[in-house]
Structures are given as structure tokens and as C-alpha cells.
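Take a look at the structure set out below.
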Amino acid sequence: MKPESYIKGRGAQQNVHNKFLQNVYETRDDFLEFCHIEGEEADRNKTQYIPIFPKTIVNKVTSPDVGMLYSMNPYQGCEHGCIYCYARNTHEFWGYSAGLDFERKILVKKDSAKLLESKLKSKRWEASTIVLSGNTDCYQPAEKKFEITRDCLKIFLKYKHPVGIITKNALVLRDLDILKELAKDQLIGVNISVTSLSEETRHILEPRTTTIKKRLETIRILSENNIPVNAMLAPIIPGINSHEIMNLAKAVSENGAKSFAFTVVRLNGAIGQVFTDWIHKTLPDKADKVLHQIQECHGGSLNDSRFGVRSKGEGKIATQIHDLVRLARHTYFKNKSFPPLNHELHEQFKDGQLRLF
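Taking our numbering, the leading residue of the sequence shown gets 1131, the next gets one more, and so forth.
Listed below in C-alpha cells is the structure:
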């Protein structure tokens, strides 16, 4: 049973300390009692959209564990509130908490499309797939209001440049018109995250995300329009969704996904504290078991920072997960593969139109 203080519609249930800040902020019991007596809200739980103006938008990805060379993120922070999200730690660089701040203070890069166009027109730039987004979801609720991702897709289409998308939001179908045009020249690949087939599990893990039914429908519609889809069955969390691997693979395959990827959950940085607090409040009967199984996958720790190992895990539980993944691929993806994107057209469209001479 969730405590009365449980914050509905959010993943994190507290703001953990930002390691870069000297001061620690806490909500004291006497303040909460005062608010209760006065009939005031101690926490309004509202989302803020804060404009920021970076000088560049395309980031080179140096991690060997991530299957991309370049990414761009129109938004920092994510209202989806996925409790396990590795991107939470990046909010600390902006002076915020990896907890509730990550979900409620959304930094908006309104100049993203302009910065992207400048990058693609650069004489030194050679076409290489740029992924929207490598950090926070480019189709989170803010996108419905600001349409920055749509503006960026128009730029990719104008310059015939390959682009990947990672999302768990059906809002991507709003831009089906542009995606279909990109697909004609093999310039688009979409990664749809499906973490569970249980709506109850989805709701507690990812409180402000699209339903599972909608996500599978999104995979189907994209696939029917010749837009290749890779399903992200990630992260696999022992004791929460690890038993669903075969069923997840079957569902995404039947809806048209050409491949799937997975990771074993790791709770790096402040996420360990965020997740531990959350699971004791949300799944108190399972909390210790799940935490211990995660630790067993990472040498007794909730986190592992070693390249090549950190996303795969080690030990008996991780081995069982890998065995199930191999069986799922053999059973449901035996004759399927995700196609390479086209990097040959962009040079001819550097100025936004076909070069004839």
C-alpha cells in the first residue's frame, strides 16, 4: 500500500541531493504540518518549461556501449518520469536534482532546428546518423506544445540526412507524413521502447508514458508504412519485467519490429537513491528482493561503470537474461534484420537542394 504522501503521476518520490551543490534542501515535517493546518499545498507538483539557448545541438557520443555516434536532445529533463532513466544524472549539470526536478523542470531548446541546420550545412560535416534523442525523449509531453522535434525532422528531410529516433510515445505518429518521406530514401529508423506488457507495471515504472497498447500499435503503423522499427526492451529489471522477455519479443515481432535490443538495468549515480526510495514506497513487499537481484548483476553494487559490462550485467541472473534474449531472437527474429540508413545523399543536398553540377 502506497503511503499518503505518495506523489501521483511521478516516478521519483523525492529530490535527491545534487552532488555538485554545497547546500542540501529538505522538506521538514514541521513545514508539512504547517501546510496541513493552513490548508495549503506543500508541493504543487507542476511541470515547468524553462527555455535555454545552447550554442550547439549535435553531440558526439564516445561511449562504446551505445550504438550511435551522434545524438541531439531538444529537451533536457523528461516528464515521462521513468524511474530507472540513466539520463536523470545529467540534470545535476544544470543545477537541479536527478529526482523530481528531472521530471518537473524541463529545459527547452527552442533553437534546435536552427542549430541543426547550421551543422548539416557545414562544409566539414560528413553524413553520419544523428539520433533523436540519446538522452531524453524527443516526443515527451513538451513536444506536443513546442513541436521542436517536428521542426528538426523537416531539416533532416530538407538536407536528405539520416536520422534515428528513440521514443516511447505514440506522438511520433503525428509526424508520419515527414517520416514517410524520409523512409523513401532510407533516411529514418525508429526505436520504440517497450518495457512491459503489463499496464500496471508500465504505470508504476513510467507514469506519464504512452500505454503498452498504443506503443505496439505505433510499431505496427510505422512498419506498415515501411519505416523500420527496432524495439527497445530496456531496461530488463530482475524481479519486475525479466520474466516477460519472450512475450515482449513475440509482441513486438508480431507488430512488425525488425529487431530488438535490451540492457540489464543499472542504477548509476543518484539514480540508485531515487530508485531505492521509489521501490520501497511503490513495491514494499518486493523491494529488497529486486534490489538484491540488481546488485547480483553488478558484482554486489547497484551500479557498474565498466564499459562493455555495465549494460550487460554479470552472474547467474544476467546469464539467464542473456539466454532468454538469445532464445527470443532465434524464435521471433530469425529472418529479420534492421536495415542500414542511407548516408550517400546528404552531400548532394548540402545547400538544401539537389546539386546538379
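All C-beta atoms, glycine included, are put in the ideal place defined by N, C-alpha and C.
Only a predicted model underlies this, so the values are computations on that prediction, with no experimental measurement involved.
*Taking the DSSP output, what are the residues bridged to Pro-1181?*
Taking the sequence shown and counting its residues from 1, one reaches residue 1181 at position 51. For Pro-1181, which the question treats as bridged, DSSP gives the partners Val-1238.
*Could you work out which residue in Lys-1344, Arg-1345, Asp-1231 and Ile-1375 is closest to Arg-1174 when comparing CA atoms only?*
Sequence index remark: in the sequence shown, residue 1174 carries index 44 (1-based). Taking Arg-1174 as reference, the option from Lys-1344, Arg-1345, Asp-1231 and Ile-1375 with the minimal CA-CA separation is Asp-1231.
_Using the Cβ count rule (16 or more neighbours within 10 Å means buried), how would you classify Thr-1449?_
Walking along the sequence shown from the start, residue 1449 turns up at place 319. Exposed: under 16 other Cβ atoms inside 10 Å.
*In the DSSP assignment, find the unbroken alpha helix (DSSP H) run with Tyr-1462 in it and report its ends.*
Walking along the sequence shown from the start, residue 1462 turns up at place 332. Start and end: 1445-1462.
*For Glu-1247, which of Leu-1283, Thr-1339 and Lys-1314 has the nearest alpha-carbon?*
Residue mapping note: residue 1247 aligns to position 117 of the sequence shown, counting from 1. Minimum Cα distance to Glu-1247 is reached at Leu-1283.
*What separation, rounded to the nearest whole angstrom, lies between the Cα atoms of Glu-1433 and Lys-1190?*
Here residue 1433 refers to the residue found at position 303 when the sequence shown is read from its first residue. Here residue 1190 refers to the residue found at position 60 when the sequence shown is read from its first residue. Checking the displayed sequence, the identity of residue 1433 turns out to be Asn instead of Glu. Between Asn-1433 and Lys-1190, the alpha-carbon positions lie close to 24 Å from each other.
_Please classify Asp-1453 as buried or exposed, where buried requires at least 16 neighbouring CB atoms within 10 angstroms._
Along the sequence shown, read from residue 1 onward, the residue named residue 1453 stands at position 323. A residue is called buried when at least 16 other Cβ atoms come within 10 angstroms of its Cβ; Asp-1453 does not meet this threshold and is exposed.
*Indicate whether Cys-1427 and Ile-1447 have their beta-carbon atoms separated by less than 8 Å.*
What you label residue 1427 is simply residue 297 of the sequence shown in a count that begins at 1. What you label residue 1447 is simply residue 317 of the sequence shown in a count that begins at 1. Yes, the pair counts as a contact, with Cβ atoms nearer than the cut-off.
*Residues bridged to Phe-1392 [DSSP beta-bridge criterion]*: On the sequence shown, residue 1392 is found 262 positions in, with the first residue counted as 1. Secondary-structure assignment with DSSP links Phe-1392 through a beta bridge to Leu-1363.
*Among the residues of its own chain, which have a CB less than 7 Å from the CB of Thr-1340, if the five just before and after it don't count?*
Here residue 1340 refers to the residue found at position 210 of the sequence shown. Cβ within range, chain order: Lys-1298, Asn-1299 and Ala-1300.
_Give me, in chain order, the residues of the same chain whose beta-carbon lies closer than 8 Å to that of Phe-1392; leave out the 5 immediate sequence neighbours on both sides._
Residue numbering aside, residue 1392 sits at position 262 when the sequence shown is read from its first letter. Around Phe-1392: Met-1362, Leu-1363, Ala-1364, Pro-1365, Ile-1366, Ile-1375, Ile-1451 and Val-1455.
*So is Ser-1263 buried or exposed if we call it buried at 16+ other beta carbons inside 10 Å?*
If you number the sequence shown from 1, residue 1263 lands on position 133. So Ser-1263 ends up on the buried side.
_So within the stretch 1180-1235, which uninterrupted beta strand (DSSP E) runs reach at least 3 residues, ignoring any that extend past its ends?_
Listed in chain order, the complete beta strand (DSSP E) runs (minimum 3 residues) inside the stretch 1180-1235 are 1188-1190 and 1200-1202.
*For Val-1302, write down the residues that DSSP places opposite it in a beta bridge.*
As a working note, residue 1302 is residue 172 in the sequence shown. According to DSSP, which records beta bridges pairwise, Val-1302 is partnered with nothing at all.
*Smallest Cα separation from Glu-1330: which of Asn-1371, Lys-1310 and Asp-1267?*
Looking up residue 1330 in the sequence shown gives position 200. Nearest C-alpha to Glu-1330 among Asn-1371, Lys-1310 and Asp-1267: Asn-1371.
*Proximal residues to Phe-1487 (C-beta, below 6 Å), its chain only, five neighbours per side dropped*: Start at 1 with the first residue of the sequence shown, and residue 1487 comes out as number 357. Confidence is the limiting factor: at Phe-1487 the pLDDT is only 48, short of 50, which leaves the residue's position unreliable, though a coordinate-based value still follows. Around Phe-1487, the same chain offers no residue with a beta carbon nearer than 6 Å, after the five sequence neighbours per side are excluded.
*Closest by CA to Ser-1441, which one among Asn-1355, Asn-1398 and Lys-1464?*
Taking the sequence shown and counting its residues from 1, the one referred to as residue 1441 is at position 311. Closest option to Ser-1441, judged by alpha-carbon separation, among Asn-1355, Asn-1398 and Lys-1464: Asn-1398.
*Below 8 Å on the Cβ atoms is my guess for Phe-1183 versus Asp-1267; work out the distance and round it to an integer in Å.*
Position 53 of the sequence shown holds residue 1183. Position 137 of the sequence shown holds residue 1267. Rounded to whole angstroms, the Cβ separation of Phe-1183 and Asp-1267 is 21 Å, and the two are not in contact under 8 Å.
*How many angstroms separate the CA atom of Glu-1354 from the CA atom of Gly-1430?*
For the purposes of this step, residue 1354 is identified with residue 224 of the sequence shown, where counting begins at 1. For the purposes of this step, residue 1430 is identified with residue 300 of the sequence shown, where counting begins at 1. Going from the Cα of Glu-1354 to the Cα of Gly-1430 covers about 45 Å.
_With H, G and I counted as helix, E and B as strand and the rest as coil, what does DSSP make of Asn-1321?_
In the sequence shown, the residue the question calls residue 1321 occupies position 191. Correct three-state label for Asn-1321: strand.
*Taking the alpha helix (DSSP H) that Val-1382 falls in, what are its first and last residues?*
For the purposes of this step, residue 1382 is identified with residue 252 of the sequence shown, where counting begins at 1. Val-1382 -> alpha helix (DSSP H) spans 1375-1384.
_For Val-1261, the first and last residue of its enclosing beta strand (DSSP E)_ = On the sequence shown, position 131 is the one that residue 1261 refers to. Val-1261 -> beta strand (DSSP E) spans 1260-1262.
*asked:* Taking the beta carbon of Val-1324 as the centre, do at least 16 other beta carbons fall within 10 Å, making it buried, or is it exposed?
replied: Residue 1324 sits at position 194 when you count from the first residue of the sequence shown. When all chains shown are included, Val-1324 counts as buried.
*When you compare each of Arg-1436, Ala-1257, Asn-1321 and Thr-1461 to Glu-1384 by their alpha carbons, which one comes out closest?*
Within the sequence shown, the letter at position 254 stands for residue 1384. If we check each option's Cα against that of Glu-1384, Thr-1461 comes out closest.
*Which residue from Gly-1169, Thr-1406, Leu-1352 and Val-1395 puts its Cα closest to that of Gly-1386?*
If you number the sequence shown from 1, residue 1386 lands on position 256. Relative to the Cα of Gly-1386, the nearest Cα in the group Gly-1169, Thr-1406, Leu-1352 and Val-1395 belongs to Leu-1352.
_For a test of the three-state rule: what should DSSP assign to Val-1420, helix, strand or coil?_
For this step, residue 1420 is matched to residue 290 along the sequence shown. Val-1420: helix per DSSP, three-state reduction.
*asked:* Less than 8 Å between the C-beta atoms of Asn-1178 and Arg-1234, yes or no?
replied: Taking the first residue of the sequence shown as 1, we reach residue 1178 at position 48. Taking the first residue of the sequence shown as 1, we reach residue 1234 at position 104. Contrary to the premise, residue 1178 reads as Gln rather than Asn in this sequence. Yes, Cβ-Cβ distance for Gln-1178 and Arg-1234 is below 8 Å.
*With a 10 Å radius around its C-beta and 16 neighbouring C-beta atoms as the bar for buried, classify Leu-1199 as buried or exposed.*
Numbered from its first residue, the sequence shown carries residue 1199 at position 69. With fewer than 16 Cβ atoms within 10 Å of its Cβ, Leu-1199 is classed as exposed.
*In its own chain, which residues sit with a C-beta less than 6 Å from the C-beta of Gln-1423, not counting the 5 before and 5 after it?*
Sequence index remark: in the sequence shown, residue 1423 carries index 293 (1-based). Here Gln-1423 has Pro-1368, Gly-1369 and Ile-1447 as same chain residues with Cβ atoms under 6 Å from its own Cβ, once five neighbours each way along the sequence are excluded.
*asked:* Could you pull the DSSP bridge partners for Ile-1500 from this structure?
replied: Because residue 1500 is not part of the residues shown, which for the chain are 1131 to 1487, the question remains open.
_For Ile-1180 and Leu-1237, which I take to be in contact (beta-carbon distance under 8 Å), what is that distance rounded to the nearest angstrom?_
Position 50 of the sequence shown holds residue 1180. Position 107 of the sequence shown holds residue 1237. Ile-1180 to Leu-1237, Cβ: 5 Å. Contact.
*Does DSSP classify Leu-1475 as helix, strand or coil?*
As a working note, residue 1475 is residue 345 in the sequence shown. Here Leu-1475 sits in coil by DSSP.
*Go through its chain and collect everything with a Cβ distance to Pro-1337's Cβ below 7 Å, but skip five positions before and after it.*
One-based indexing of the sequence shown puts residue 1337 at position 207. Non-local beta-carbon contacts of Pro-1337 in its own chain, meaning distances under 7 Å to residues more than five positions away in sequence, involve Gly-1139, Arg-1140, Gly-1141 and Gly-1211 in chain order.
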